[in-house]
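Residue numbers (the working numbering): 75 to 259.
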């Protein structure tokens, strides 16, 4: 009996997670395929909720979906890592070594073979070449970016609330560039 096909999905955003879940339930559960989801983070936060993380009305620690447990219940494998290279001839992807905050290597460079490879790496904000956006804007493409925005906003509010002098012009101004779903919310 031949080995079941290896399906590797790179990217655990809405599309990648949905695909891995569907394939896991349909094929992985019955050993018709080995389904693996690879993502750079341990948890998933639905991207349309990032504006709530930025505003401080949604705590990702309370509501994020953990890939490991989700994988277990939906019959796929989860591997934490960042894709570093692709060898199309050998049909392998290479994940970069994983380091902790101290710079210590936790997981060495790894190689995963595949029969089917899906890139579901998502999208990022587009500044459309508007001058000043890259230098002065905080994007909301990831949970960490949204949390960073919230932290900077809280610090500015605390500083403004406790300073003795009056607010300076522009001290608490927030400008939103873009009227997509995140900008409108």
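The beta-carbon is built from N, C-alpha and C at its ideal position, and this holds for glycine as well.
For clarity, every value in this text was computed on a predicted model and none was experimentally measured.
Assignment of beta strand (DSSP E) within the segment 103-158, counting only whole runs of 3 or more residues, yields 108-113, 151-154 in chain order. Cβ neighbours of residue 115 within its own chain (closer than 6 Å, five residues either side excluded): none. Per DSSP, reduced to three states, the secondary structure at residue 92 is helical. In the DSSP assignment, residue 229 falls within the alpha helix (DSSP H) that extends over 217-236. C-alpha of residue 155 to C-alpha of residue 239: approximately 48 Å in a straight line. When only Cα atoms are considered, residue 193 and residue 257 end up about 26 Å apart.
Within the DSSP secondary-structure output, residue 161 pairs in a beta bridge with 166. Annotation: the continuous alpha helix (DSSP H) that includes residue 258 extends over 255-258. Between residue 209 and the set 251, 224, 197, 244, the nearest pair of CA atoms involves 251. In the three-state DSSP reduction, residue 77 falls in the coil class, being neither helix nor strand. Residue 171 and residue 177 have their C-alpha atoms spaced approximately 11 Å apart. Comparing C-alpha distances from residue 245 to each of 226, 147, 213, 151 shows the shortest one belongs to 226.
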